[in-house]
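Residue numbers (full-length UniProt numbering): 1 to 252.
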């Protein structure tokens, strides 16, 4: 198998999982680990992935700086898996806040499918377009300035409206988390929105796929003392869970 063929196969695996292991790739492609290691180094120079110990992952720039549509197609299986976990926290007649983001939009889709009777307050335009089709749901859209690339509403008006509500539960789609740096995000306009949502909610849970682990984005959002729970997919080792737990962040 030629390098270009192996490269395509490796990229396919990264589309399925945010992190790939050398040993798994060697088995799938029927080549040696040394060959895979060389391939990954070459692909890293091409900007296609980031090499990590024992494997590779999707580049940080792909995760942090693409718009909503670009991020929507990244790590979809992992997002769907964690969204199913998040549903278990929602009860009949709950009042819920959702911020903007591809993961919270997917959560909105699953809430709509199950016709859970609840009230949802959101600035997520993509979520609204899904939720409005379900009669059992009450949807409150907070006003503000439109960010078309992020499919969200933001600004002082949005923050002022959010302060009027005190929901049972808040789900936040966040860009990055690190055991020492806490939660960070590159969406500067969204940061005060998320902080207001959390401040007014009885309970706040981050919904993040495992590719967001051990990353630092552009601006601090929350410390581990301020937000301590993440619902995540199953691609997280027990070792990593223990590391984050020692920092006060619990991965479910």
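For each residue, glycine too, the CB sits at the ideal point set by N, CA and C.
Quantities reported herein were computed from a predicted structural model and do not represent experimental measurements.
Beta-bridge partners of residue i, as assigned by DSSP
i, result
"residue 21", "55"
"residue 178", "182"
"residue 231", "207"
"residue 50", "57"
"residue 255", "Any property of residue 255 remains undetermined from this structure, which presents the chain solely from 1 to 252."
"residue 171", "98, 205"
"residue 213", "177"
Alpha helix (DSSP H) segment containing residue i, residue limits
i, result
"residue 142", "Careful: residue 142 lies outside any alpha helix (DSSP H) and carries neither H nor E."
"residue 306", "Here the chain covers residues 1 to 252 and nothing more, so residue 306 does not appear."
"residue 259", "Because the chain is modelled from 1 through 252, residue 259 falls outside the range shown and cannot be assessed."
"residue 200", "191-200"
"residue 76", "76-87"
"residue 125", "125-131"
Inter-residue CB distance, residue i and residue j (contact presumed, cutoff 8 angstroms)
i, j, result
"residue 13", "residue 28", "7 angstroms"
"residue 183", "residue 221", "4 angstroms"
"residue 203", "residue 169", "5 angstroms"
"residue 103", "residue 128", "No, residue 103 and residue 128 are not in contact; Cβ-Cβ is about 16 angstroms, not under 8 angstroms."
"residue 93", "residue 115", "The pair is not a contact, with the Cβ atoms about 13 angstroms apart (cut-off 8 angstroms)."
"residue 210", "residue 231", "Incorrect: roughly 11 angstroms between the Cβ atoms, too far for contact."
"residue 134", "residue 112", "4 angstroms"
"residue 249", "residue 208", "About 11 angstroms separates the two Cβ atoms, so there is no contact after all."
"residue 176", "residue 215", "4 angstroms"
"residue 39", "residue 3", "6 angstroms"
Burial state of residue i (16 or more Cβ within 10 Å)
i, result
"residue 145", "exposed"
"residue 199", "exposed"
"residue 54", "exposed"
"residue 163", "exposed"
"residue 212", "buried"
"residue 47", "exposed"
"residue 225", "exposed"
"residue 132", "exposed"
Start-to-end residues for the beta strand (DSSP E) that takes in residue i
i, result
"residue 207", "203-207"
"residue 153", "152-154"
"residue 249", "Premise fails: residue 249 is in no beta strand (DSSP E) and is neither H nor E."
"residue 120", "119-122"
"residue 260", "Because the chain is modelled from 1 through 252, residue 260 falls outside the range shown and cannot be assessed."
"residue 253", "A question about residue 253 goes unanswered here, because the residues of the chain that appear run from 1 up to 252."
Closest by C-alpha distance to residue i, when choosing among the options
i, options, result
"residue 148", "164, 158, 125, 156", "125"
"residue 143", "198, 135, 158", "158"
"residue 234", "86, 25, 42, 4", "86"
"residue 154", "134, 191, 242", "191"
"residue 178", "121, 189, 218", "218"
"residue 229", "119, 75, 244", "244"
"residue 57", "241, 246, 10", "10"
"residue 21", "7, 52, 80, 107", "52"
"residue 140", "156, 6, 123", "123"
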